[in-house]
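Notes for the one structure printed next.
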Amino acid sequence: MSEQRRSNYINLELNAIVGLMEKYSSIIECKKKNGPPRQEQQKKRLGNQLRSCYNTHQGMEIQRSVSELKACWKNLKFKALKDPCSSQLIERIKRILSPSTNPGDSNIDNPKSTQEASSETEKISLANEQLKKKNSGLENNFYYLKNQHLELRVAYLEKQIREIQNYR
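Take the sequence shown: its position 119, counting from 1, is numbered 119 in full-length UniProt numbering, and each next residue is one higher.
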């Protein structure tokens, strides 16, 4: 029989995950595939340490596994890149994922991924600008339609006044 679905993460849990990732993102987000075997061991140890830190964090009612925490972090990263207009939590995630100048980070070893990350940032800022332009265009359309409505309403009222005056 399949596993029962776990409850959703609450804000306290999400903040704890993001806080832990802020501390250890240089190791967790390292993309080296041909790194030394000890690096993979270090990641596994760190994953277990993060799990125990997370589960002992004050206010955590549900114990989460390493795979659940990884899946949650992956989903948070996806939301941060997908939604340019987002909450403070997502903004923290974007800062973690932004290219770093720290020589120990994997982005420095692979300049192409740094370029991709910066272009992703550019895409997000362009999307924000387009959204602002679209919103201002919608506002202009709204004011135009509102003005037309008022003009039609005034014309209708003037017509009614003329009819009343002619009736007298």
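We put the CB at the ideal spot given by N, CA and C, even for glycine. Model, not experiment: these values are computed from the prediction.
>> As a quick exercise: from Leu50, Thr56 and Gln4, pick the residue whose alpha carbon is nearest that of Leu20.
In response: Here residue 20 corresponds to residue number 20 of the sequence shown, with the count starting at 1. Nearest option by C-alpha distance: Leu50.
> Which residues mark the beginning and the end of the alpha helix (DSSP H) in which Glu40 is found?
Replying inline: Taking the first residue of the sequence shown as 1, we reach residue 40 at position 40. Note, Glu40: alpha helix (DSSP H), Pro37 to Thr56.
>> Here's a check: name, in chain order, each residue in its chain whose Cβ is nearer than 8 angstroms to the Cβ of Leu69, leaving out the five neighbours to either side.
In response: To locate residue 69, count along the sequence shown from 1; it is residue 69. Cβ neighbours of Leu69 beyond the five flanking positions: Ile17, Gly47, Leu50, Arg51 and Tyr54.
>> Below 8 angstroms on the Cβ atoms is my contact criterion, and I expect Ile62 with Lys43 to pass it. Report the Cβ-Cβ distance as a whole number of Å.
In response: Against the sequence shown, residue 62 aligns to sequence position 62. Against the sequence shown, residue 43 aligns to sequence position 43. Between Lys43 and Ile62 the Cβ distance is about 24 angstroms, and since that is not below 8 angstroms, they are no contact.
>> Counting C-beta neighbours from all protein chains within 10 Å, is the total for Leu14 16 or more, i.e. buried, or is it exposed?
In response: Looking up residue 14 in the sequence shown gives position 14. Counting Cβ neighbours within 10 Å, Leu14 comes out buried, since at least 16 surround it.
> Where does Met21 fall in DSSP's three states?
Replying inline: Here the question's residue 21 lines up with position 21 in the sequence shown. Note: Met21 maps to helix in three-state DSSP.
> If we ignore side chains and look at the alpha-carbon of each, how far apart do Glu116 and Arg6 end up?
Replying inline: Walking along the sequence shown from the start, residue 116 turns up at place 116. Walking along the sequence shown from the start, residue 6 turns up at place 6. Note that Glu116 has pLDDT 46, beneath the 50 cutoff, so the model's placement of it is unreliable and the number below is only indicative. Looking at the two C-alpha atoms, the distance is approximately 34 angstroms.
>> Once DSSP output is grouped into helix, strand and coil, what is the label at Lys31?
In response: Here residue 31 refers to the residue found at position 31 of the sequence shown. DSSP places Lys31 in coil when its eight states are reduced to three.
>> By the three-class DSSP mapping on this structure, what secondary structure does Arg95 have?
In response: In the sequence shown, the residue the question calls residue 95 occupies position 95. Three-state DSSP puts Arg95 in a helix.
> Does DSSP put Ile62 in a helix, in a strand, or in coil?
Replying inline: Residue numbering aside, residue 62 sits at position 62 when the sequence shown is read from its first letter. Three-state result, Ile62: coil.
> So what's Ser7 in DSSP terms, helix, strand or just coil?
Replying inline: Within the sequence shown, the letter at position 7 stands for residue 7. Per DSSP, reduced to three states, the secondary structure at Ser7 is coil, with no helix or strand assignment.
> Rounded to a whole number of angstroms, what is the C-alpha to C-alpha distance between Ser25 and Tyr143?
Replying inline: Taking the sequence shown and counting its residues from 1, the one referred to as residue 25 is at position 25. Taking the sequence shown and counting its residues from 1, the one referred to as residue 143 is at position 143. Using only the alpha carbons, I get a separation of about 47 angstroms.
> Among the residues of its own chain, which have a CB less than 7 angstroms from the CB of His57, if the five just before and after it don't count?
Replying inline: For the purposes of this step, residue 57 is taken as residue 57 along the sequence shown, with counting starting at 1. Here the set comprises Ala16.
>> Our contact map puts Glu22 next to Ile96 with C-beta atoms below 8 angstroms; I'd like the distance itself, whole angstroms only.
In response: Looking up residue 22 in the sequence shown gives position 22. Looking up residue 96 in the sequence shown gives position 96. Glu22 to Ile96, Cβ: 6 angstroms. Contact.
> Within this structure, are the beta carbons of Gln39 and Lys32 separated by less than 8 angstroms?
Replying inline: For the purposes of this step, residue 39 is taken as the residue at position 39 of the sequence shown. For the purposes of this step, residue 32 is taken as the residue at position 32 of the sequence shown. Result yes, Cβ atoms of Gln39 and Lys32 sit closer than 8 angstroms.
> Of the choices Lys82, Asn128, Glu163 and Leu76, whose alpha-carbon is the least far from that of Asn11?
Replying inline: Residue mapping note: residue 11 aligns to position 11 of the sequence shown, counting from 1. Minimum Cα distance to Asn11 is reached at Leu76.
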